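Chains as they are written, first to last, in my numbering: chain L, 17 to 260; chain U, 49 to 976. Here a beta-carbon is modelled for each residue, glycine too, at the ideal position from N, C-alpha and C. This structure is a prediction, so every number in the text was calculated from the model and none was measured. For reference, the structure discussed in these notes is given below.
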């Protein structure tokens, strides 16, 4: 924001032919609906040959005015607190040998490319050029923290798996007891299941350890266990839950 | 178009460090300063003539123009008009009555700003340096209250007076002063414009010449000389040239302050008033306070200031016949007072601020209209450590009485204070705007414990045991206090509100700053809103600038080196008390004596070795013809490095070239736009790396830094057939060898001397095209150096400081190919020539930091954290975690959620326990 508005060289350049460049910031929704909201620290800088640098502050009518520019090739940069602007190239050349007029051209330019690699022409004029430049985007300074989201938390596969296994552990015995009413379960299968249940805590534990070691997650997720050995399912599911 | 590629790169950099939204305004602090306001350029003014709300406008000694809200002291807008900080340069700020613009003048530049938002209205380049600037209050016949015109007077080879159009800044007329007299001031009455010139006589005296100009055409209508031949020795005894009042006056005294001579400009009569010293000492300074409006009564106040007291006289001018009479006296009051003028319609009020009271009187009579006691909580004013220097006031008038008065008072301590009916509303530490050097003081409390523990370790077991028991008894005595404070501490810790004053993490370091006007000011990085202490360290003659350097000498003690005293002075960092050198126990952590020293003397760089016979020159950096040294950046003294190598993706190690005696030297060539960079070994003087760049803009800032085994510098380059135009950043890193698991020539050596061996490091460099120039660079510091570093770059154009993560500017980024698996493991990604500054890297986020000259960093007790403090004009500080805060719970840690989870689990346990128990029992007892 240093308002070193015009380099010393410029005061004398006034006498010689000098071009005027006016850059206006039009309303450009959604990035900048109202250019009057730009802070007064917004300024434009023209960087010429070594030692030549012109700075223009933002005016009341949302313009930057460079009143007298000598022939040179300038890099135009606009600095604003909240908005980002692209870099531009401004060339001021003597139009013809005889006339005192100067050509003013302004192009897009790309950082990291040769200076001769110009982009599309933004505007050209003689002696006095007025162009409109729009911001390319807002600056986003802040990193948002990933907050706690209950739905997202419940959606995660690990939690879903845990919930399924909890349902299995608490739901299965209940299902079994009321199987005759709820399901049309084969009495033989039911008997087999009860046998399994009775076979004591040690056997259960060993089968649980077994199932932990040989737990087939893919098979479990694809529901393979439900079909083949229904009796092993609760233990396997419980094991799966414990594994985590 | 290449833009999408860059966007992709920026996206890749996303996981890099950023300012978190919830920490943005709490962790960092910022004083948006203006600098010390000047009396002549500070006033209350209504930006909107239809509204009663006014702002305080000022143009400071530091060349900053700004508007401050008198309600809370917040800056509404501001501009840095010059960066040279030349306080002696005259500057002007004027506002026309009922105008929505303020006009500033500095150097040769006249600028009109919109008073409400600080946008520029127009600019005008005066032919030469300005000597005066006034608003022409007269209305030009038509009676339409348009923008009022400006008069500016410039000096130089062709001095002139110009009238500028109030709406466009175009020159309406110009009057060239061709008499060869020195232009002094310009003034205007309702009908005429006066140019006051000083004519140097043969004997060296000064005569006052008044040239009357026609305000419409600028033609000279009259000219006369006021003072006699040998009356004025210098222009310094001219008290004031009143501008724009209904009848402008000029007042001067003799050098002994015996008589005051006043002339109503335009009239030839001079009235003499003997100066009444009221039985005390003669005045040392005479000042004149007059209203600035043509509509106001032509009354003025003359303020006399002696060594120990102040008094004043009020005079009235009869506009019709130009007669001046003394109306009344304001009594003598011991101690400093400041006077200020305010107007309300045609009425003029004078407000006097002393150490204890605020008085307001009308210009018409000596009756006190308002009198308030200064609130005793205004410590620096009422306890006598600071005195009012000058003030600007605004009075609210209800009927005949003054209902309220607001005074913006500059104190000699450099604080800008607003008194509303005597009670302080806000203070602004404007003294910090002149900071020339600052340093973090090492914390003293922690070192006390360390010392005690060391004592125990080094003494014999019995006395160590006794010492330990007594220490524990001492600690136990603090226990009740600690227990009593515990609940509050829990609540504070839980809610995250406030702090209990303890500094467990080392965030409350004291920063001691030296200012250009000879003050030392300390602020606490943990509680930055107020100044800890402030003291005048040296007495400077007017216009002298204190070139001081502050360093941390020992825990709790800072050392100040300056060009006034040959020996350093020492100060206690927590109290500001000066201490003798013998009381300072030097810090063991910092090396005190060095075998080989290097100095920059008369533009030459020497390496010297200390011996009995004084300093012997060991080496000398041979500059080429026309080469001049631009900057020398040594490696920081305290620069801990955790690892001597870089672990690669395949678990092999690349050894860093770590040498404590490194320095980066930047040189330029006269007349050529060429920059040379050398990395030197400061013991042997050997050049370890050098590079040269052509087509460099030497007017643009060239910043450089050096840390660990890497360096960085930036410059602005002009386009060539192959190179682009713009700003570039070069980063280089020094390695012992570029083969992994190989230390090169140093492999076998256990001890190495720079003088004996000539081991050269291998240097990798990469250059980036950056969007804007860097005016100053610095590197973060942490306690052990385990945390990765950030390159801090001051961006003067964006008024910002960015922290560039070290990983992004690693010179080992693969060029022209995708990174291999191993390189990806290491965090390296493909090199791109463009380095865009991600807005998330901005340490200041939405704050605007003006005029930063330097950034200092200091480690906190926590390894993850580095403290940052930037100074120059604004003061900005923050805490940085370059590798995230891995050793501290951040704000993202939800304490409520954690407690709720624990509580839920406890409840679940209590509910489920009986169920499980019953089930277990049933299982054992139930049989088929």
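* To do: Could you give the DSSP three-state label for residue 519 (chain U): helix, strand or coil?
  => Taking the first residue of the second chain as 1, we reach residue 519 (chain U) at position 471. It is helical.
* What does a CB cutoff of less than 6 Å around residue 454 (chain U) pick up in its chain, not counting 5 residues either side in sequence? -> To locate residue 454 (chain U), count along the second chain from 1; it is residue 406. Sequence-distant partners of residue 454 (chain U) (beyond 5 residues in either direction) whose C-beta falls short of 6 Å from its own C-beta, in its chain, are 118, 442 and 468.
* Asked: What residue does the alpha helix (DSSP H) around residue 189 (chain L) start on, and which one ends it?
  -> Locating residue 189 (chain L) in the first chain gives position 173, counting from the first residue. Segment 173-193, the alpha helix (DSSP H) holding residue 189 (chain L).
* Which of helix, strand or coil does DSSP assign to residue 665 (chain U)? -> Along the second chain, read from residue 1 onward, the residue named residue 665 (chain U) stands at position 617. Taken through DSSP and simplified to helix, strand or coil, residue 665 (chain U) comes out as strand.
* Asked: Skipping 5 residues on each side, what residues in its chain have a beta carbon closer than 6 Å to that of residue 241 (chain U)?
  -> Locating residue 241 (chain U) in the second chain gives position 193, counting from the first residue. Sequence-distant partners of residue 241 (chain U) (beyond 5 residues in either direction) whose C-beta falls short of 6 Å from its own C-beta, in its chain, are 261 and 263.
* Asked: Given 8 Å as the limit, is there contact between the stretch 846-860 of chain U and the stretch 809-823 of chain U, that is, 3 or more CB pairs closer than that?
  -> In short, these stretches touch, since the Cβ pair count reaches three.
* Do residue 42 (chain L) and residue 766 (chain U) have their C-beta atoms within less than 7 Å of each other? -> Position 26 of the first chain, counted from the start, is the residue given in the question as residue 42 (chain L). Position 718 of the second chain, counted from the start, is the residue given in the question as residue 766 (chain U). It is not a contact, given that the beta carbons lie outside the stated cut-off.
* To do: Give me the Cβ distance between residue 395 (chain U) and residue 341 (chain U), rounded to the nearest whole Å; I'm assuming they're in contact under 8 Å.
  => Residue 395 (chain U) sits at position 347 when you count from the first residue of the second chain. Residue 341 (chain U) sits at position 293 when you count from the first residue of the second chain. Contact doesn't hold; Cβ gap of about 11 Å is too wide.
* Asked: Out of curiosity, what's the CA-to-CA distance linking residue 29 (chain U) and residue 96 (chain L)?
  -> Residue 29 (chain U) falls outside the range modelled here, since chain U spans only 49 to 976, and no answer is possible.
* **When U:251, U:236, U:139 and U:867 are compared against residue 202 (chain U), the one with the closest alpha-carbon** => The residue you call residue 202 (chain U) lines up with position 154 of the second chain. By alpha-carbon distance to residue 202 (chain U), the top candidate from U:251, U:236, U:139 and U:867 is U:139.
* Could you tell me the boundaries of the alpha helix (DSSP H) in which residue 966 (chain U) lies? => For the purposes of this step, residue 966 (chain U) is identified with residue 918 of the second chain, where counting begins at 1. Element bounds for residue 966 (chain U): 943-973.
* **Proximity test, Cβ basis, 7 Å: residue 66 (chain U) and chain L** => Indexing the second chain from 1 puts residue 66 (chain U) at position 18. With respect to chain L, the C-beta atom of residue 66 (chain U) has a partner C-beta closer than 7 Å.
* Asked: According to a CB-to-CB cut-off of less than 8 Å, which residues of the stretch 732-752 of chain U neighbour chain L?
  -> Result list: 743, 744, 745, 746, 747 and 748.
* **Alpha-carbon to alpha-carbon, residue 577 (chain U) and residue 404 (chain U)** => Here residue 404 (chain U) refers to the residue found at position 356 of the second chain. Here residue 577 (chain U) refers to the residue found at position 529 of the second chain. Here the alpha carbon of residue 404 (chain U) sits roughly 25 Å from the alpha carbon of residue 577 (chain U).
* **Contact residues within the stretch 125-141 of chain L, judged by C-beta distance below 9 Å to chain B** => The question asks about chain B, but that chain is absent: this structure's protein chains are L and U.
* Asked: residue 529 (chain U) by DSSP, collapsed to three states: which one?
  -> Locating residue 529 (chain U) in the second chain gives position 481, where the first residue counts as 1. Residue 529 (chain U): helix per DSSP, three-state reduction.
* Can you list, in chain order, the residues of the stretch 854-885 of chain U whose Cβ is nearer than 7 Å to any Cβ on chain L? -> Residues 881 and 882.
* Which one or two residues does DSSP pair with residue 563 (chain U) in a beta bridge? -> Position 515 of the second chain, counted from the first residue, corresponds to residue 563 (chain U). Under DSSP, the beta-bridge partners assigned to residue 563 (chain U) are U:483.
* To do: State the DSSP-derived secondary structure class of residue 744 (chain U), mapped to helix, strand or coil.
  => Your numbering for residue 744 (chain U) matches position 696 in the second chain. In the three-state DSSP reduction, residue 744 (chain U) falls in the strand class (E or B).
* chain U within 7 Å of residue 206 (chain L), Cβ atoms only -> Walking along the first chain from the start, residue 206 (chain L) turns up at place 190. For residue 206 (chain L), the answer is no, since every Cβ of chain U falls outside 7 Å of its Cβ.
* If you check the beta carbons only, do residue 89 (chain U) and residue 103 (chain U) fall under 7 Å apart? -> The residue labelled residue 89 (chain U) in the question sits at position 41 within the second chain. The residue labelled residue 103 (chain U) in the question sits at position 55 within the second chain. Not a contact, by the Cβ cut-off of 7 Å.
* Asked: Can you tell me whether residue 962 (chain U) is buried or exposed, with buried defined as 16 or more other CB within 10 angstroms of its CB?
  -> Residue mapping note: residue 962 (chain U) aligns to position 914 of the second chain, counting from 1. Residue 962 (chain U) sits exposed, since fewer than 16 C-beta atoms from the chains shown fall within 10 Å of its C-beta.
* Checking contacts by CB at 7 Å: is residue 152 (chain U) closer than that to chain L? -> If you number the second chain from 1, residue 152 (chain U) lands on position 104. Not one chain L Cβ lies under 7 Å of residue 152 (chain U).
* **Residues that residue 156 (chain L) contacts on chain U, provided the C-beta gap is smaller than 8 Å** => On the first chain, residue 156 (chain L) is found 140 positions in, with the first residue counted as 1. Here the neighbours are 887 and 888.
* Using the DSSP secondary-structure output, state which residues sit across from residue 324 (chain U) in a beta bridge. => Within the second chain, the letter at position 276 stands for residue 324 (chain U). Residue 324 (chain U) is not bridged by DSSP to any residue.
* Is residue 119 (chain L) helix, strand or coil when you go by DSSP? -> Taking the first chain and counting its residues from 1, one reaches residue 119 (chain L) at position 103. Looking at residue 119 (chain L) - three-state DSSP - the assignment turns out to be strand.
* Give a yes or no on whether 7 Å exceeds the smallest Cβ distance from residue 599 (chain U) to chain L. => The sequence position of residue 599 (chain U) within the second chain is 551, counting from 1. So no, residue 599 (chain U) is outside the interface.
* chain U contacts from the stretch 84-95 of chain L (Cβ-Cβ distance under 7 Å) -> Under the 7 Å Cβ criterion, the stretch 84-95 of chain L contributes 91, 93 and 95.
* Cα-Cα separation between residue 551 (chain U) and residue 532 (chain U), rounded to whole angstroms -> As a first step, residue 551 (chain U) must be located in the second chain, where it is residue number 503. As a first step, residue 532 (chain U) must be located in the second chain, where it is residue number 484. Rounded to whole angstroms, the separation of the alpha carbons of residue 532 (chain U) and residue 551 (chain U) is 19 Å.
* Excluding sequence positions up to five away, which residues of its chain have a Cβ less than 6 Å from the Cβ of residue 802 (chain U)? -> Sequence index remark: in the second chain, residue 802 (chain U) carries index 754 (1-based). Cβ neighbours of residue 802 (chain U) beyond the five flanking positions: 729, 731 and 732.
* **Boundaries of the beta strand (DSSP E) in which residue 255 (chain U) is found, first to last residue** => Counted from its first residue, the second chain places residue 255 (chain U) at position 207. Annotation for residue 255 (chain U): the continuous beta strand (DSSP E) segment containing it runs 254-261.
* Asked: Per DSSP, residue 812 (chain U) forms a beta bridge with which residues?
  -> Reading the second chain from its first residue, position 764 is the one you call residue 812 (chain U). Answer is U:781.
* Where residue 704 (chain U) and residue 759 (chain U) are concerned, what is the direct C-alpha to C-alpha distance, given to the nearest angstrom? -> The residue you call residue 704 (chain U) lines up with position 656 of the second chain. The residue you call residue 759 (chain U) lines up with position 711 of the second chain. Each residue's Cα considered, the two are about 13 Å apart.
* Asked: How long is the line joining the alpha carbons of residue 86 (chain L) and residue 147 (chain L), rounded to whole angstroms?
  -> Counting from 1 along the first chain, the entry for residue 86 (chain L) is found at position 70. Counting from 1 along the first chain, the entry for residue 147 (chain L) is found at position 131. When only Cα atoms are considered, residue 86 (chain L) and residue 147 (chain L) end up about 18 Å apart.
* Asked: Hey, is residue 575 (chain U)'s beta-carbon within less than 7 Å of any beta-carbon in chain L?
  -> Here residue 575 (chain U) is taken as the residue at index 527 of the second chain, counted from 1. Not flagged as an interface residue toward chain L: residue 575 (chain U), since no C-beta distance is shorter than 7 Å.
* residue 869 (chain U) lies in the alpha helix (DSSP H); which residues open and close that run? -> In the second chain, counting from the first residue as 1, residue 869 (chain U) sits at position 821. Residues 869-874.
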